[in-house]
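Going down the list, the sequences are from chains A and B.
Using full-length UniProt numbering, the letters of the first sequence correspond one by one to residues 42 to 139.
Using full-length UniProt numbering, the letters of the second sequence correspond one by one to residues 42 to 139.
2 protein chains.
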Amino acid sequence: QEKVENKTPLFNESLKKFLNTKDGRLVASLLSDFLQFFNLDFTMAVFQPEINTLNGLESRDAVARELGILETEATKGAPLMLELMKRGRHKDRGSSFA
Amino acid sequence: QEKVENKTPLFNESLKKFLNTKDGRLVASLLSDFLQFFNLDFTMAVFQPEINTLNGLESRDAVARELGILETEATKGAPLMLELMKRGRHKDRGSSFA
Numbered sequence: 042q043e044k045v046e047n048k049t050p051l052f053n054e055s056l057k058k059f060l061n062t063k064d065g066r067l068v069a070s071l072l073s074d075f076l077q078f079f080n081l082d083f084t085m086a087v088f089q090p091e092i093n094t095l096n097g098l099e100s101r102d103a104v105a106r107e108l109g110i111l112e113t114e115a116t117k118g119a120p121l122m123l124e125l126m127k128r129g130r131h132k133d134r135g136s137s138f139a
Numbered sequence: 042q043e044k045v046e047n048k049t050p051l052f053n054e055s056l057k058k059f060l061n062t063k064d065g066r067l068v069a070s071l072l073s074d075f076l077q078f079f080n081l082d083f084t085m086a087v088f089q090p091e092i093n094t095l096n097g098l099e100s101r102d103a104v105a106r107e108l109g110i111l112e113t114e115a116t117k118g119a120p121l122m123l124e125l126m127k128r129g130r131h132k133d134r135g136s137s138f139a
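Dropping the structure here:
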């Protein structure tokens, strides 16, 4: 009982800090792009209030621009996170076209 | 009325295809890592059934290994997506330590 009142919403604090950084907002925006891309409407409906970001998130176009991703027919066929992952991964596997 | 029965769950099909690729599963696992990192339990509770992946997703450790990310104190303080984004972004801004 006495513990309850002392319980600080730690996750809110760390998330709030994260979303107050430019990179943090971009990451959350990438996540939002994924949910929108696959029409994960139910997840989106919970994600938005749960992250509770007053300023909203960046659009896909803005994120792509910020990350220097030039959208092509190929990149448009997937969430931006895929493109980012392909870039970031070590190039030790030759066969990841698509 | 007649349209309803013809309505195919397009998003499920495209998501299913995506999750059947190795990269797709990694991307979804990165997203799951983000939700877990920030204890976004409500979003997670909707995300898991909505993506409906029978095989489950990769753990953070597995994703880090797969992407060649060596976890340090710094990387452990954020979702893996942040590390990936830092890697993938063009190096035209010098000041993104953290």
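For glycine and all other residues, C-beta sits at the position ideal for the given N, C-alpha and C.
So, using beta-carbon positions, are residue i and residue j closer together than 7 Å?
i	j	result
A/Met122	B/Val68	yes
B/Leu71	A/Arg130	no
A/Ala119	A/Glu112	no
A/Glu124	A/Ile110	yes
For residue i and residue j, what's the separation of their Cα atoms in angstroms?
i	j	result
B/Asn80	A/Asn93	14 Å
A/Phe83	A/Glu99	20 Å
A/Gln42	A/Lys57	Residue confidence is low: A/Gln42 scores 49 on pLDDT, short of 50, so the model does not pin down where it sits. No coordinate-derived value is stated.
B/Thr116	B/Phe78	12 Å
B/Lys63	A/Glu54	33 Å
B/Ser136	B/Lys127	Low per-residue confidence applies at B/Ser136: pLDDT is 42, beneath 50, and the placement is therefore not dependable enough to give any value.
A/Arg66	A/Glu114	26 Å
A/Ser73	B/Arg101	20 Å
B/Leu76	A/Ala103	22 Å
A/Asn96	B/Asn96	36 Å
B/Val87	A/Val87	8 Å
Just to make sure I have the definition right: I need the residues of chain A whose C-beta is within less than 7 Å of the C-beta of residue i. Which are they?
i	result
B/Thr84	Thr84, Val87, Phe88 and Glu91
B/Ser55	Phe79
Among the options, whose alpha-carbon lies nearest the alpha-carbon of residue i?
i	options	result
B/Leu60	B/Phe78, B/Gln89 and B/Phe75	B/Gln89
Run through chain B and tell me which residues come within less than 7 Å of residue i, C-beta to C-beta.
i	result
A/Arg130	Leu108 and Gly109
A/Leu98	Result: empty, since nearest Cβ-Cβ is about 13 Å, beyond 7 Å.
Which residues in chain B sit within 8 Å of residue i, going by Cβ to Cβ distance?
i	result
A/Lys127	Asp64
A/Ser73	By Cβ distance, chain B contributes nothing, its closest Cβ being about 10 Å from A/Ser73, past 8 Å.
Taking 7 Å as the CB-CB limit, is residue i close to chain C?
i	result
B/Val104	Included in the structure are the protein chains A and B, with no chain C among them.
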